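Peer 1: Order-wise, the sequence lines are chains X and H.
Residues in the first sequence are numbered from 48 upward in steps of one, following our numbering.
Residues in the second sequence are numbered from 658 upward in steps of one, following our numbering.
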Amino acid sequence: MAEPVRSIVVLVAILVGVLVTAAGLIWLERRLLGLWQDRYGPNRAGRFGSLQVAADMIKIFTKEDWVPPFADKPVFVIAPAIIVVTTLLSFAIIPFAPHIEIVDLNIGLLFFLAMSSLSVYSVALAGWASDNKYSLLGGLRAAAQMLGYEVFMGLSLAGVVMLAGSFNLREIVEAQTKTWFVIPQFLGFVIFVVAGLAETRRIPFDLPEAENELVAGYHSEYSGMKFGMFFVGEYIGVTLISALIATLFFGGWLGPLLPPPLWMIIKTFVFICGFILVRAALPRLRYDQLLEFGWKLMLPLSLINIMVSGAIILVAS
Amino acid sequence: MFSLLKGMWIVLKHTIRKRETVLYPEEKPIRSPRWRGRIILSRDPDGWERCVACYLCAAACPVDCISLQATQDEHGRRYPEFFRINFSRCIFCGFCEEACPTYAIQLTNDFEMGEYSRHNFIYEKEHLLISGPGKYPDYNFYRVAGISIAGKGKGESENEKPPEDVHSLMP
Numbered sequence: 048m049a050e051p052v053r054s055i056v057v058l059v060a061i062l063v064g065v066l067v068t069a070a071g072l073i074w075l076e077r078r079l080l081g082l083w084q085d086r087y088g089p090n091r092a093g094r095f096g097s098l099q100v101a102a103d104m105i106k107i108f109t110k111e112d113w114v115p116p117f118a119d120k121p122v123f124v125i126a127p128a129i130i131v132v133t134t135l136l137s138f139a140i141i142p143f144a145p146h147i148e149i150v151d152l153n154i155g156l157l158f159f160l161a162m163s164s165l166s167v168y169s170v171a172l173a174g175w176a177s178d179n180k181y182s183l184l185g186g187l188r189a190a191a192q193m194l195g196y197e198v199f200m201g202l203s204l205a206g207v208v209m210l211a212g213s214f215n216l217r218e219i220v221e222a223q224t225k226t227w228f229v230i231p232q233f234l235g236f237v238i239f240v241v242a243g244l245a246e247t248r249r250i251p252f253d254l255p256e257a258e259n260e261l262v263a264g265y266h267s268e269y270s271g272m273k274f275g276m277f278f279v280g281e282y283i284g285v286t287l288i289s290a291l292i293a294t295l296f297f298g299g300w301l302g303p304l305l306p307p308p309l310w311m312i313i314k315t316f317v318f319i320c321g322f323i324l325v326r327a328a329l330p331r332l333r334y335d336q337l338l339e340f341g342w343k344l345m346l347p348l349s350l351i352n353i354m355v356s357g358a359i360i361l362v363a364s
Numbered sequence: 658m659f660s661l662l663k664g665m666w667i668v669l670k671h672t673i674r675k676r677e678t679v680l681y682p683e684e685k686p687i688r689s690p691r692w693r694g695r696i697i698l699s700r701d702p703d704g705w706e707r708c709v710a711c712y713l714c715a716a717a718c719p720v721d722c723i724s725l726q727a728t729q730d731e732h733g734r735r736y737p738e739f740f741r742i743n744f745s746r747c748i749f750c751g752f753c754e755e756a757c758p759t760y761a762i763q764l765t766n767d768f769e770m771g772e773y774s775r776h777n778f779i780y781e782k783e784h785l786l787i788s789g790p791g792k793y794p795d796y797n798f799y800r801v802a803g804i805s806i807a808g809k810g811k812g813e814s815e816n817e818k819p820p821e822d823v824h825s826l827m828p
């Protein structure tokens, strides 16, 4: 196959795959939450409720797409697009198999960190543009939370980068042929999972949309597909973080017997289910607890992790 | 931190638990025999209407959803000429059943009474009256009440004595 054709095929396949996964997660999450709470979840539309996604889509597309008259219109419209664009762009650097990836970027990990930092604009701008005090509070919380957690998210990955000697995700996976990085970098893995939860604003860290105090936080004023974009953005974010955990700490596509892309997908879905389990089990943190936890515990831990793994690498070499 | 993991493990163990949901239209919920559902009017074991149109149910009803009109047949047996329950008002409190001296009005297990039109909630006697005795299969008001009715004189049924001659009680 010619190179341009091949890359377009890969691109479309990954894009469609990611979007289908993100949509399917709406169903998966509701079913799994139901399972863990001893109930069923959606089970009427189609077999096991599998057409629920289609029903939700029809509903959300036909809803009135209302922009409040007091909102800052251009920003209000752009904000939900930013989150989807930035999270989708991050998928460009994830290798699904030895040569199945959109770009083989030698600073792949930095690109991901940059993109996930950009997605905070979406939430903060949405809260700002809504001109609603609850939305604004949600946006402010999102900004504070994501800035705080962004710092040690990057630092927690430094250990992986040191071990692999590269920012390139393909090379990081190839460096894990002997042992997965979750073993030497267990602390880094835990910190990255916590930071990932905070980045996707999911339950222990979903303060920006804390519905019992802030209506719906930053997306209180959104309706129709604009609200849907935030929703899809959140699910793409979950998929992204899960794929990254699989790539960085669990050997990506590496695995016996099954074809490499399948291993990648299996690992990703295991972590997605883990994210949903966290949502099923844990309560929401208080705002001050969240920031204290981030700055006073996770940041020093990640710095210690870097120093210790750096020292070990230095001694070993 | 450890308690978080423990909590997650407990939630994960629920994967193999039985689900609590009752899938309603396919699977009916289990109801107690004393469930207060759709109201019926029952008949005694001889097939007569138990209702003697005493109006106690209508008087007891806190939302005034029962209306009836008493009348008598040629044997002096009282019965309701019409008996109407407005189920869009009824709150299924069961006071009518408690008030009824003849066990005529009873609340049943049925709760599936949805209608598309509001006037369909008004049940007339033909909708309320059932062919059997309901919850009290052996009870017959006129067999224990001691009054005379079609073919049964005073004191002729169970646990009854013929009426005393009041003049014999004179001191």
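The beta-carbon is built from N, C-alpha and C at its ideal position, and this holds for glycine as well.
Quick caveat, the model's predicted, so the values are computed rather than measured.
Please report the straight-line C-alpha distance between Ile742 (chain H) and Arg734 (chain H), rounded to a whole angstrom.
Peer 2: Those two C-alpha atoms are separated by around 22 angstroms.
Peer 1: Using DSSP with H/G/I as helix, E/B as strand and the rest coil, what is Ile742 (chain H)?
Peer 2: strand
Peer 1: Please check if any C-beta of chain X sits within less than 9 angstroms of the C-beta of Glu684 (chain H).
Peer 2: For Glu684 (chain H), the answer is no, since every Cβ of chain X falls outside 9 angstroms of its Cβ.
Peer 1: Touching or not, the stretch 301-311 of chain X and the stretch 337-347 of chain X, by the rule of three or more beta carbon pairs under 8 angstroms?
Peer 2: no
Peer 1: Name the DSSP bridge partner or partners of Gln763 (chain H)?
Peer 2: H:Ile697
Peer 1: The beta strand (DSSP E) with Ser177 (chain X) in it runs from where to where?
Peer 2: That residue, Ser177 (chain X), is in no beta strand (DSSP E); it is neither H nor E in DSSP.
Peer 1: Pair every Cβ in the stretch 316-323 of chain X with every Cβ in the stretch 73-87 of chain X, then say whether three or more of these pairs are closer than 8 angstroms.
Peer 2: yes
Peer 1: Taking C-beta pairs closer than 8 angstroms, name the residues in chain X that Gly664 (chain H) reaches, listed in chain order.
Peer 2: Ala328, Leu329
Peer 1: Check whether the Cβ of Ile667 (chain H) lies closer than 9 angstroms to any Cβ atom in chain X.
Peer 2: yes
Peer 1: Name, going along the chain, the residues of the stretch 209-234 of chain X whose beta-carbon falls closer than 9 angstroms to a beta-carbon of chain H.
Peer 2: none
Peer 1: Apart from the five residues on each side of it in sequence, which residues of its chain come closer than 6 angstroms, Cβ to Cβ, to Trp175 (chain X)?
Peer 2: Gly186
Peer 1: Would you call the stretch 222-242 of chain X and the stretch 155-162 of chain X touching, i.e. three or more CB-CB distances under 8 angstroms?
Peer 2: Contact fails: fewer than three Cβ-Cβ distances are below 8 angstroms.
Peer 1: Quick check: the Cα distance between Glu684 (chain H) and Thr678 (chain H), rounded to an integer number of angstroms?
Peer 2: 10 angstroms
Peer 1: Would you identify the three-state DSSP class for Gln729 (chain H), choosing helix, strand or coil?
Peer 2: strand
Peer 1: Can you tell me whether Met354 (chain X) is buried or exposed, with buried defined as 16 or more other CB within 10 angstroms of its CB?
Peer 2: exposed
Peer 1: Please classify Phe297 (chain X) as buried or exposed, where buried requires at least 16 other C-beta atoms within 10 Å of its C-beta.
Peer 2: buried
Peer 1: Could you work out which residue in H:Pro758, H:Gly812, H:Gln726 is closest to Ser654 (chain H) when comparing CA atoms only?
Peer 2: A query on residue 654 (chain H) cannot be resolved here, the shown segment of chain H reaching from 658 to 828 and no further.
Peer 1: Span of the alpha helix (DSSP H) holding Gln336 (chain X)?
Peer 2: 334-339
Peer 1: Hey, is Ile149 (chain X) close to the ligand MG, as in C-beta under 8 angstroms from one of its heavy atoms?
Peer 2: This structure simply doesn't include the ligand MG, nor any ligand for that matter.
Peer 1: Return the residue from the list H:Val720, H:Ile806, H:Ile673 that minimises the CA-CA distance to Asp730 (chain H).
Peer 2: H:Ile806
Peer 1: Of all the alpha helix (DSSP H) runs that stay within the bounds of the stretch 221-259 of chain X, which reach a length of 4 or more residues?
Peer 2: 233-246
Peer 1: So with Cβ pairs under 9 angstroms, would you call Arg676 (chain H) a contact of chain X?
Peer 2: yes
Peer 1: If you compare alpha carbons, which of X:Gly206, X:Tyr87, X:Pro330 is closest to Ala358 (chain X)?
Peer 2: It is X:Gly206.
Peer 1: Can you name the residues that DSSP bridges to Ala144 (chain X)?
Peer 2: X:Ile147
Peer 1: Mind listing which residues of the stretch 302-332 of chain X have their C-beta closer than 8 angstroms to chain H's C-betas, in chain order?
Peer 2: Leu324, Val325, Ala327, Ala328, Leu329
Peer 1: Determine the DSSP secondary structure at Leu786 (chain H), reduced to helix, strand or coil.
Peer 2: strand
Peer 1: For Asp253 (chain X), count the other beta carbons within 10 Å of its own beta carbon; 16 or more makes it buried, fewer makes it exposed. Which is it?
Peer 2: buried
Peer 1: I'd like the list of long-range same chain contacts for Val279 (chain X), defined as Cβ closer than 8 angstroms, with 5 residues on each side in sequence excluded.
Peer 2: Leu66, Ala69, Ala70, Val131
Peer 1: Taking 9 angstroms as the CB-CB cut-off, is His671 (chain H) touching chain X?
Peer 2: yes
Peer 1: Compute the Euclidean distance between the alpha carbons of Ser26 (chain X) and Lys110 (chain X), then round it to the nearest angstrom.
Peer 2: Not covered by the structure: residue 26 (chain X). The range shown for chain X is 48 to 364.
Peer 1: With a threshold of 9 angstroms between beta-carbons, can Arg85 (chain X) be considered close to chain H, or not?
Peer 2: According to the sequence as given, residue 85 (chain X) is Asp; it is not Arg. Closer than 9 angstroms to some Cβ of chain H, the Cβ of Asp85 (chain X) qualifies, so yes.
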